[in-house]
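What follows is a short report on a single structure.
Protein chains in written order, with my numbering: chain A, 305 to 693; chain B, 20 to 571.
Pasting the structure below:
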């Protein structure tokens with residue numbers, strides 16, 4: 305039996321609730337870590353626990369992925385990684401949204417390689433590769449550092465960690481990428497009980513852009529588990545515990561599942577409280593000219609890919625990327641041209657990022673999703689109803 | 020887990036770095052005054068609790084924490100136009116044993132050994148964020164009279180570089196029991212409060228806090244207090260809408276700690292004898308029941324306030340209850356050290372090169388065994404004096420003492436911390452083994468037994484050139500023991516010698532006959548010489564040893 309587990313969660317299936325419930329069940333003498341990528345989600349986990357208990361139990365630690373990596377991966381053996389780090393403190397982290405450590409000339413102008421791309425420091429320049437001039441570590445290289453340091457110390461990082469924690473939950477695991485996978489592998493190898501929970505369909509961030517395991521970026525954690533662990537490391541994949549959505553109704557579940565045919569279809573839950581119906585439930589396409597009337601009738605929240613999209617500012621509006629984790633009664637989505645192609649024919653190819661964001665947008669709604677789409681009367685569109693004002 | 024090694028740098032009397040190892044159970048630090056025993060206990064307690072002399076050090080940094088010589092050399096280097104690095108105090112504690120979760124959190128390579136270890140690091144160091152201010156200060160004045168302590172900070176980290184550590188997160192709880200009796204300003208004893216608090220679980224602590232709060236609240240609602248407050252209000256002419264009243268301090272969270280008093284048979288704890296206090300504090304900490312937490316009891320010179328029988332009682336209770344506890348005791352009582360087991364002895368000494376520690380188990384095995392079997396307190400007498408003179412028997416002891424007194428206005432050597440110890444001559448080498456390691460000044464006064472080469476030269480060749488060890492003997496083999504030596508020294512005033520010995524010239528008219536008398540009345544003769552008012556002359560080798568006593 306393996307003590308490693310990957311739970312694929314449907315949107316709105318209550319994965320944070322599940323983690324919190326499980327963590328609270330664990331004996332107080334055992335130390336538990338719950339880690340997640342975003343600060344918002346860390347806060348959400350905290351408040352979920354505080355709804356159950358008066359305080360966070362002393363045996364449970366909640367911290368973001370980066371803070372966890374800094375505390376237990378980078379700092380304990382930084383000196384063994386490089387002698388310079390006995391003398392110098394690492395003064396936190398610099399969040400890098402693109403590849404870090406570009407080279408500059410002495411006047412501070414960027415240097416380029418012949419083909420036109422930027423020049424970057426390589427691992428040989430240890431200090432410059434990993435750190436800013438005042439010893440802040442680049443966020444995109446933290447997990448690479450941890451893996452390197454673990455190799456250099458012959459596994460001390462994970463040996464130490466396994467003495468501290470008996471159980472680790474990693475929430476929003478779909479956001480991990482690159483060397484994070486290697487860290488997961490090492491965690492799986494250890495005797496810590498590891499539970500990964502996430503929805504691979506909802507990748508909206510990535511922890512690092514380092515070119516390690518490029519095959520598995522954009523939430524392909526399941527594929528990683530299936531093909532990279534080797535015989536000795538086991539991991540159970542659980543796609544059923546969290547496949548039921550407490551948010552979306554049958555029609556929304558069905559339609560959103562079409563985006564990811566390789567995953568088990570999500571299902572609506574059977575809780576009486578979650579299953580209220582209204583006169584306008586399901587997926588609808590709305591012509592641009594009818595949007596004003598639609599908004600007036602249903603007061604739906606407008607969801608758009610980016611700020612560039614024109615919306616009706618009299619009604620609520622959010623970008624796709626901002627609504628993760630939220631429940632909204634009714635939404636109206638302004639699709640990109642690629643998304644429109646997909647609506648027309650579900651065989652159309654969608655880029656991973658676009659697909660994930662569209663999936664997030666679709667699965668926000670409790671009752672109804674409208675998509676702004678100029679259909680013609682004789683056009684046949686699968687899975688949606690045509691709304692006529 | 021338990022404390023394995025303490026590494027102390029530039030703290031108080033420790034100049035540069037000093038390392039000392041401890042074993043799991045009882046550890047006894049023995050040394051003369053000023054050898055840094057208490058400083059070791061203080062340093063350990065500081066790195067575990069952040070507390071020095073009963074106060075959190077954080078807000079009470081001072082130059083006097085630093086080794087004086089280190090500060091002086093910094094200041095003089097600065098004065099001489101050099102750019103010296105600001106001195107830093109560094110205390111590191113290495114833990115050892117089974118690594119539980121709490122201890123594993125302290126594991127990493129953030130230590131001066133650069134190894135993978137569990138422990139904490141406590142620094143008083145220059146805060147680089149004051150670079151501008153410091154440079155401005157130096158620009159204004161070319162020299163400093165004192166360490167710029169206002170630019171210093173405390174850096175308290177685990178070996179995993181986690182700077183969020185607190186007394187709570189370090190699973191080794193230390194209790195320092197010393198004779199100085201630190202008290203809160205209103206009288207309750209810091210340590211006793213701490214010890215009692217350590218014994219309570221969270222619920223009990225909350226209970227005490229609440230009960231205390233209730234007492235204070237009922238104080239406020241007491242009719243006479245209410246009446247007084249009305250009176251106060253009426254009589255005070257402050258602004259109209261403000262309310263003035265007397266109350267009890269409710270401000271701090273742990274107010275009860277500082278306000279509540281511990282009583283023993285209705286006597287406030289700090290009013291009882293210090294000896295009794297010491298026993299109670301120690302027993303309280305020994306009875307600590309939280310088994311998940313390791314305890315370290317630091318005990319400073321328990322003999323200070325205890326009578327012999329109390330001390331005996333005290334040591335008994337320490338030996339019975341110290342299972343699973345680590346104890347570090349500083350003492351200069353050979354009684355304490357002997358009773359608690361010589362195998363746990365760590366000798367501290369001060370030599371020209373610096374401070375030294377010697378573990379008794381570093382000694383050659385046969386010497387170790389000898390001292391373990393040795394009854395009495397001679398071992399420690401030997402170590403704890405300023406200089407030791409080893410002699411072969413009672414008569415030698417008396418004569419050497421008397422020779423010393425004659426030269427020092429009747430002052431006994433022990434009064435100047437020079438101890439004359441009578442040992443079987445076979446055991447001399449055992450003592451020399453210790454003296455060699457700890458560089459302790461020792462003189463041996465011995466007969467040549469008629470075989471100077473064999474008995475003196477050959478026997479002590481291992482110690483030749485050891486600066487702290489001196490052998491005093493006379494090479495004239497015909498004068499083989501003390502008695503012929505004395506007679507020889509007084510051969511020009513045999514009458515005086517006879518008078519001192521209380522014997523008659525008619526019966527003892529030759530040197531030879533006096534020697535014979537003395538040899539057959541060994542102890543008696545020595546006693547007579549010790550007590551006499553006559554001016555006896557002493558053999559050369561004895562005069563030399565007395566001179567050695569006065570050497571610096």
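Glycine included, C-beta positions come from ideal geometry on N, C-alpha and C.
Note that the structure is predicted; figures quoted are calculated from it, not measured.
For residue 133(B), the closest Cβ of chain A is nearer than 8 Å. Sequence-distant Cβ neighbours of residue 421(B) in its own chain, meaning closer than 7 Å and more than five residues away, are 548 and 549.
Chain-order list of chain B residues neighbouring residue 396(A): empty, with the shortest C-beta distance near 12 Å, by a criterion of under 8 Å. For residue 672(A), the beta-bridge partners assigned by DSSP are 586(A) and 634(A).
Going by DSSP, residue 175(B) is part of the beta strand (DSSP E) stretching over 171-177.
Under the Cβ distance rule, residue 376(B) does not count among the residues neighbouring chain A, no pair being separated by less than 8 Å. Under the three-state reduction of DSSP output, residue 622(A) falls in the strand class.
As for any alpha helix (DSSP H) of minimum length 4 sitting wholly inside the stretch 131-186 of chain B, the runs are 150-159, ordered along the chain.
In this structure, residue 673(A) and residue 635(A) form a Cβ contact; the two beta carbons are roughly 6 Å apart against a cut-off of 8 Å. Per DSSP, reduced to three states, the secondary structure at residue 340(A) is strand. Not a single C-beta of chain A is nearer than 8 Å to the C-beta of residue 385(B).
Per DSSP, the unbroken beta strand (DSSP E) holding residue 374(B) starts and ends at 373-378. Residue ranges of uninterrupted beta strand (DSSP E) with 3 or more members, entirely inside the stretch 391-448 of chain B and ordered along the chain, are 406-410 and 437-441.
No Cβ-Cβ contact shorter than 8 Å links residue 619(A) with residue 593(A).
Flagged as an interface residue toward chain A: residue 180(B), by a C-beta distance shorter than 8 Å. Nearest to residue 398(A) by C-alpha distance, out of 446(A), 391(A), 375(A) and 421(A), is 446(A).
Not one beta carbon of chain B lies nearer than 8 Å to the beta carbon of residue 473(A).
At a Cβ-Cβ threshold of 8 Å, residue 465(A) and residue 376(A) count as neighbours. Under the 8 Å criterion on CB atoms, residue 188(B) is classed as non-interfacial with respect to chain A.
For residue 128(B), the closest Cβ of chain A is nearer than 8 Å. Around the C-beta of residue 492(A), 16 or more other C-beta atoms lie within 10 Å, and the residue is accordingly described as buried.
A residue is called buried when at least 16 other Cβ atoms come within 10 angstroms of its Cβ; residue 54(B) meets this threshold and is buried. Cα atoms of residue 547(A) and residue 458(A): separation of roughly 40 Å, rounded to the nearest angstrom. An exposed status is given to residue 290(B), since fewer than 16 other beta-carbon atoms sit within 10 Å of its beta-carbon. Secondary structure at residue 608(A): strand, using DSSP grouped into helix, strand and coil. Residues of chain B whose Cβ lies closer than 8 Å to the Cβ of residue 357(A) do not exist, since the nearest Cβ in that chain is about 15 Å away.
Annotated three-state conformation of residue 25(B) is strand, per DSSP. Among the residues of the stretch 104-127 of chain B, those with a Cβ less than 7 Å away from any Cβ of chain A are 118, 120, 123, 124, 126 and 127, in the order of the chain. Residue 390(A) reaches chain B at 133, counting residues in chain order whose Cβ is nearer than 7 Å. Relative to residue 321(A), the option among 425(A), 378(A), 537(A) and 475(A) whose CA is nearest is 475(A). Flagged as an interface residue toward chain B: residue 383(A), by a C-beta distance shorter than 8 Å. For the stretch 458-486 of chain A, the residues whose beta carbon sits under 7 Å from a beta carbon of chain B are, in order, 460, 464, 467 and 468. At a Cβ-Cβ threshold of 8 Å, residue 399(B) and residue 353(B) count as neighbours. For a cut-off of 8 Å, the C-beta gap from residue 145(B) to residue 170(B) is around 6 Å, short enough to register as a contact. Within the stretch 321-344 of chain A, those residues whose Cβ lies closer than 7 Å to any Cβ of chain B are, in chain order, 335.
Put simply, of 653(A), 644(A), 583(A) and 670(A) the residue whose alpha carbon is nearest the alpha carbon of residue 556(A) is 670(A).
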